[in-house]
Amino acid sequence: MKEVRLDEICIVIAGQSPPSDSYNQDKNGVPFFQGKADFGSMYPTVRYWCNKPTKISLPNDILFSVRAPVGPTNINNIEACIGRGLSALRCKEDVLEMKYLLHYLRANENKISDLGTGSTFKAITISELKKLQIPLPPLPQQKKIANILDAADALRQNDKALIAKYDELTQALFLDMFGDPVSNPKGWEKVETIKYCDSIVPGRDKPKSFTGSTPWVTTNDLNHLGKTSISKSNIGLSDNEILQVKAKIIPEGSVIMTCVGDLGVVTVNTSKMVVNQQLHAFICGPKLKNDFLMYSLSFQKPYMYKMSSSTTVPYMNKTVCNNTPTIVPPIELQNQFVERVAVIEEQKAIAQKSLEKSEELFNSLLQKAFKGEL
Numbered sequence: 001m002k003e004v005r006l007d008e009i010c011i012v013i014a015g016q017s018p019p020s021d022s023y024n025q026d027k028n029g030v031p032f033f034q035g036k037a038d039f040g041s042m043y044p045t046v047r048y049w050c051n052k053p054t055k056i057s058l059p060n061d062i063l064f065s066v067r068a069p070v071g072p073t074n075i076n077n078i079e080a081c082i083g084r085g086l087s088a089l090r091c092k093e094d095v096l097e098m099k100y101l102l103h104y105l106r107a108n109e110n111k112i113s114d115l116g117t118g119s120t121f122k123a124i125t126i127s128e129l130k131k132l133q134i135p136l137p138p139l140p141q142q143k144k145i146a147n148i149l150d151a152a153d154a155l156r157q158n159d160k161a162l163i164a165k166y167d168e169l170t171q172a173l174f175l176d177m178f179g180d181p182v183s184n185p186k187g188w189e190k191v192e193t194i195k196y197c198d199s200i201v202p203g204r205d206k207p208k209s210f211t212g213s214t215p216w217v218t219t220n221d222l223n224h225l226g227k228t229s230i231s232k233s234n235i236g237l238s239d240n241e242i243l244q245v246k247a248k249i250i251p252e253g254s255v256i257m258t259c260v261g262d263l264g265v266v267t268v269n270t271s272k273m274v275v276n277q278q279l280h281a282f283i284c285g286p287k288l289k290n291d292f293l294m295y296s297l298s299f300q301k302p303y304m305y306k307m308s309s310s311t312t313v314p315y316m317n318k319t320v321c322n323n324t325p326t327i328v329p330p331i332e333l334q335n336q337f338v339e340r341v342a343v344i345e346e347q348k349a350i351a352q353k354s355l356e357k358s359e360e361l362f363n364s365l366l367q368k369a370f371k372g373e374l
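Going by the numbering used here, the residue at position 337 of the sequence shown is 337; the numbering climbs one at a time, nothing skipped.
Laid out in structure tokens, this is it:
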């Protein structure tokens, strides 16, 4: 299959930030997309407008994040101004199917990200972006590939939506039984989490090797509001490696939450593990059930961000983590919640298995699509 430069089949438009005094949230002017922060799963969300637009992106342009991070994409669905964190890729319709290009860019996002340079954050120059090599089959074949991948993607998106519905159901159950733990309308005892838990703060040293079976878990491995048992990268530590870095083992059944970056991601671990320093663990005492605490802490994101210190990313120290508030209803009521959640989780697990299969199908088709095998 022949390959061509991106700028042979697209008009590549580099974003440019408009004057700062033209930004507003009063819907004055045209929508303004600054970067990846405005992206959804497929289409961007308007958060700002500007009345002195510089570079304009049109509907059906592919929005490409060129900095912090490099590579994520969305489809633009409205006329909008784009800032310097984005480029717009306007496909030449006589030679290129837009959805074909979108699938290719998403399938190769990690490889494209590696083209970024910079010490503080990665960025890709407009000249490097234009030089991207794109495999280009005939237009009818591009359309066929795009249609097949769209159909496979719809299957996995439906599975993801079903899983999200189960999560919403559990959140609704929590609120029905206990009320909002922030405002605490039911008047439960409200304490700093450390009052009824022990905590574990991971060591600072990162292991130099991973040759064992005790999972090494980071933020990306956490199954938010669910169970976490493994490293998605399948890496683990031996007893000797754990000793070398003086790592602390997180026992099974702990509540683990993020304390750096994306705060308020919470899980319960179902196997012993070692975690990096971006995570903080609680071991529940007799007054708290771990599944209950996991959900209770998930409502405390505003507190976490308010109390965090921030240089480049939000950070909560040990004291702030331990002082995160939780309500403490009677243990009998917590047990009822846990039993009901278990029923929901059984159904969610079936949906999760379906998602794994649909993800496997989609990834298999992706591998074939750009080798000319579809």
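In this text, a Cβ means the ideal position worked out from N, Cα and C, and glycines have one as well.
As assigned by DSSP and simplified to three states, the class of residue i
i: Q16; result: coil
i: E252; result: coil
i: P137; result: coil
i: F32; result: strand
i: F337; result: helix
i: F292; result: helix
i: S310; result: strand
i: N363; result: helix
i: M273; result: strand
i: N322; result: helix
Burial state of residue i (16 or more Cβ within 10 Å)
i: F121; result: exposed
i: Y305; result: exposed
i: R67; result: buried
Spatial distance of residue i from residue j (CA atoms)
i: E93; j: C10; result: 9 Å
i: L63; j: S57; result: 8 Å
i: L361; j: S20; result: 45 Å
i: P185; j: D176; result: 11 Å
i: K353; j: V95; result: 39 Å
i: T218; j: R5; result: 37 Å
i: I344; j: Y166; result: 7 Å
i: E192; j: G179; result: 18 Å
i: Y134; j: N110; result: According to the sequence provided, residue 134 is Ile. The question's Tyr does not apply to it. C-alpha separation (whole angstroms): 15 Å.
i: I145; j: L89; result: 19 Å
i: M42; j: N220; result: 21 Å
i: K246; j: L149; result: 47 Å
i: H224; j: G212; result: 25 Å
i: Q277; j: G40; result: 29 Å
i: L355; j: R156; result: 6 Å
Residue-level contact to chain D via CB, residue i, 8 Å cutoff
i: R5; result: The structure shown contains no chain D; it holds only a single protein chain.
Residue i Cβ short of 7 Å to the ligand COA heavy atom set
i: K246; result: With respect to the ligand COA, the structure offers nothing, as it holds no ligand at all.
Proximity to residue i [Cα-Cα], best of the options
i: S127; options: L115, P135, G187, V201; result: L115
i: T319; options: V343, V274, C259; result: C259
i: R340; options: K52, S183, F174, K36; result: F174
i: K2; options: K160, V255, L139, V274; result: L139
i: T324; options: K227, D38, L263, P53; result: L263
i: N28; options: I249, Q16, A80; result: A80
i: V70; options: N77, N60, N76, S87; result: S87
i: I250; options: N51, R106, L279; result: L279
i: S233; options: N240, L243, E241, L222; result: L222
i: K206; options: L129, A281, L237, I230; result: L237
i: A14; options: P44, I82, I78; result: I82
Worksheet item: What beta strand (DSSP E) runs, 3 residues minimum, are completely inside the segment 34 to 99?
Response: Scanning the segment 34 to 99 from its first residue to its last, the whole beta strand (DSSP E) runs of 3-plus residues come out as 48 to 50, 62 to 66, 70 to 75, 80 to 82, 86 to 91.
Discussion item. Restricting to runs no shorter than 3 residues, where is the beta strand (DSSP E) found entirely within the segment 199 to 266?
Written reply: Within the segment 199 to 266, the complete beta strand (DSSP E) runs of at least 3 residues fall at 214 to 217, 255 to 258.
Worksheet item: Curious, which full-length beta strand (DSSP E) runs of at least 3 residues does the segment 122 to 197 contain?
Response: Given a length threshold of 3 residues, each whole run of the beta strand (DSSP E) inside the segment 122 to 197 is given here in chain order: 133 to 135, 189 to 192.
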